[in-house]
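Structure, as structure tokens:
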Amino acid sequence: MSNIVAIVGRPNVGKSTFFNRLVGHRQAIMDNVSGVTRDRHYGFAEWQNQNFTIIDTGGYVTGSDDVFEEQIRKQVTLAIDEAHVILFMVDIDAGVTDLDREFANVLRRTKKPIYIVANKADTPAKSNYYGEFYALNIGLEIFTVSAQNGSGTGELLEAVVSNFRDEDAANPHAGIPRFAILGRPNVGKSSMLNALIGQERSIVTDISGTTRDAIDTHYTLFGKNFIITDTAGIRKKAKVTEDIEFYSVLRSLRTLETSDVVIIMIDASLGFQSQDMNLIALAHKNKKGIVLVVNKWDLIEKTTQTAKEFEDSIRAKTAPIDYFPIIFTSVETKQRIFQVLEKAEEVYQNKVKRLSTSLLNDVILHEINLYPPPAARGNQIKIKYLTQLPTNSPTFLLFCNYPKDIIESYQRFLVNKFRKHFGFEGVPITLFFRKK
Ligand code: GDP
Ligand code: GDP
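Note that the working numbering has the sequence shown beginning at 14, numbered continuously upward.
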């Protein structure tokens with residue numbers, strides 16, 4: 014999931030409509046990063062098994078012409094910097110407008126792949142009018158789509174995904190766990206890292222006006238190798254809070270993409286908040302390992318029940334994502350800080366664990382025999398055998414006679430049995446059912 018597609022264009026061309034179509038039922042993550050411009054949206058989309066992050070860059074601006082131009086520059090610059098592919102959306106009903114030309118002028122600075130997306134081509138007849146957009150003199154190709162009825166989307170996405178990098182190609186660090194520490198500002202992330210590593214990390218110098226990919230730092234602690242991915246360098250000189258928020262969200266996305274296990278840190282004195290939930294959901298959706306760290310535990314007045322109550326209140330908020338370990342730490346008093354790394358390592362091992370087909374069938378088929386799936390539409394449902402798929406988070410394929418009739422509560426039952434017998438603490442379990 015390391016590819017980012019940005020939609021840019023003037024207001025009212027249909028960017029958010031198209032965004033919603035691509036994101037579909039998956040709800041937008043990190044909604045409403047509010048600021049001067051209209052809220053920006055981030056979401057996940059998938060096309061033919063290729064996942065990508067999509068950003069609707071917003072773009073509604075009021076104010077003088079100067080402000081307007083500044084906003085365009087900003088919006089487009091963000092897209093140029095962060096995206097791998099840029100969709101420049103225009104309105105086929107309106108044709109080329111002055112504002113479209115201004116967008117094109119700014120976009121011309123990048124060598125990244127750009128496609129002109131002529132939207133509102135609701136009928137085949139309308140889609141014939143794309144020719145005039147050649148006058149914008151930009152982009153690899155022009156596609157006509159209708160964000161409203163979906164036509165043309167497939168062809169466009171096919172072109173888009175052809176630009177994606179193969180994430181797994183030539184990774185020199187394959188096999189070494191990659192951890193990232195994420196969380197809101199001031200929860201204690203860098204203090205934790207410094208305490209764990211015991212020395213100042215390499216400080217990344219800011220190359221002005223540029224962004225960079227995540228920086229990997231390779232560590233050895235207690236004879237274990239691991240990599241901490243850090244995107245500190247991505248943060249640019251932000252002038253307004255809007256930018257700070259935007260970059261910190263993107264930074265989390267990027268860091269998360271490049272890691273196996275995310276250590277999500279919260280501040281005990283502030284409690285678990287909606288942004289923390291966003292990170293948990295993001296990690297879950299991306300099938301990353303999760304360790305939740307409640308830091309600054311020294312600031313909390315405690316009785317014997319406090320940790321339990323704190324944990325319960327978090328679990329109530331994150332349900333049904335319930336499989337991650339929670340560790341209460343204090344960097345200040347060095348309480349349990351090494352447990353964080355040990356846990357992260359353990360979660361990583363759970364993530365890459367492979368179970369033999371014979372063991373799986375012995376254990377899980379036994380459970381299924383004791384408590385078979387409920388019959389559906391008069392059919393008895395039989396799960397015949399199962400196997401683990403060679404993916405980088407535990408995924409199991411179960412063969413059965415009526416795969417579509419396995420109800421969700423039964424799937425949850427099975428996931429619980431997997432956890433009961435095989436652990437998998439900290440990692441999501443995915444089940445697929447196929448007809449046999
Ligand atoms: P944005 O400002 O670029 O994000 O544009 P919106 O997505 O808010 O859309 C602006 C207007 O165009 C809304 O009234 C949409 O319903 C309409 N619209 C968006 N896509 C289409 C389309 O494919 N066909 C038609 N006819 N209208 C569309
Ligand atoms: P970051 O923005 O998440 O990297 O947070 P920092 O590591 O910069 O820490 C923010 C502030 O919290 C600093 O003043 C730290 O000294 C303080 N801090 C970090 N960990 C703890 C802790 O466990 N207890 C207390 N009381 N303060 C902490």
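Ideal Cβ positions, reconstructed from N, Cα and C, are used throughout, including at glycine.
Asked                                                                                                           : Found
Which of helix, strand or coil DSSP assigns to Asp-273                                                          : coil
As assigned by DSSP and simplified to three states, the class of Arg-447                                        : strand
Per-residue DSSP class, three states only, for Glu-145                                                          : helix
Touch test, the region 130-150 against the region 158-176, Cβ-Cβ under 8 Å, three pairs minimum                 : yes
Heavy atom of ligand 1 within 8 Å of Phe-101 beta-carbon                                                        : no
Rounded distance between the beta-carbons of Glu-95 and Ile-17, thought under 8 Å                               : 6 Å
From Ala-138, Tyr-147, Thr-346, Asp-106, residue whose alpha carbon lies closest to that of Ser-204             : Thr-346
CA-to-CA distance, Met-290 to Met-43, given in whole angstroms                                                  : Unreliable placement is indicated for Met-43, whose pLDDT of 36 sits below 50; no coordinate value is reported for it.
Selection from Ser-265, Leu-209, Ser-272 that minimises the alpha carbon distance to Ile-240                    : Ser-272
Ligand 1 heavy atom lying under 8 Å from the CB of Asn-132                                                      : yes
Unbroken alpha helix (DSSP H) run spanning Asn-429, endpoints                                                   : 421-435
Sequence-distant residues of the same chain with beta carbon closer than 7 Å to Asp-113, five excluded per side : Arg-23, Val-103, Leu-149
First through last residue of the alpha helix (DSSP H) which encompasses Pro-397                                : The question names Pro, yet the displayed sequence has Lys at residue 397. From DSSP, Lys-397 is part of no alpha helix (DSSP H) but of the beta strand (DSSP E) over 396-401.
Beta-carbon gap between Val-440 and Gly-302 smaller than 9 Å                                                    : yes
Own chain, CB closer than 8 Å to Ala-281, minus 5 neighbours either side, in chain order                        : Val-307, Asn-308, Lys-309, Trp-310, Leu-312, Ile-313, Phe-323, Phe-341
Cβ shell of Phe-409 (< 6 Å), same chain only, five flanking positions each side left out                        : Leu-399, Gln-401, Leu-444
Near ligand 1: Trp-89 beta-carbon under 8 Å from a heavy atom                                                   : It is worth fixing the name first, because residue 89 is Val in this sequence and not Trp. Answer for Val-89: no, Cβ out of range of ligand 1.
Thr-66 (DSSP reduced to helix, strand or coil)                                                                  : strand
Separation of Glu-438 from Phe-337, as counted between CA atoms                                                 : 6 Å
Separation of Thr-70 from Asp-52, as counted between CA atoms                                                   : Because Asp-52 carries a pLDDT of 46, less than 50, the predicted location of this residue cannot be relied on, and no value is offered for it.
Check: Ser-422 C-beta below 8 Å from any heavy atom of ligand 2                                                 : no
Secondary structure of Ile-20, DSSP reduced to three states                                                     : strand
Nearest-angstrom beta carbon gap, Val-200 and Met-278 [assumed within contact, 8 Å]                             : 5 Å
Contacting residues, own chain, Cβ-Cβ under 6 Å from Ser-29 (five flanking each side not counted)               : Asp-69
Closest residue to Leu-91 among Gly-108, Val-21, Glu-270, Lys-300 (Cα-Cα distance)                              : Val-21
Local conformation of Gln-362 per DSSP, three classes                                                           : helix
Ala-160: CB within 8 Å of a non-hydrogen atom of ligand 1                                                       : yes
Closer than 8 Å: Ser-140 CB and nearest ligand 1 heavy atom                                                     : no
Sequence-distant residues of the same chain with beta carbon closer than 6 Å to Glu-380, five excluded per side : Lys-430
Opposing strand residues paired with Asp-280 [DSSP bridges]                                                     : Asn-308
Status (buried if at least 16 other CB within 10 Å, exposed otherwise) for Glu-421                              : exposed
For Ala-160, three-class secondary structure by DSSP                                                            : coil
Any non-hydrogen atom of ligand 2 closer than 8 Å to Thr-346 Cβ                                                 : yes
Ligand 1 heavy atom lying under 8 Å from the CB of Arg-23                                                       : yes
Ligand 1 heavy atom lying under 8 Å from the CB of Val-18                                                       : no
Under 9 Å between C-beta atoms of Thr-123 and Ile-93                                                            : yes
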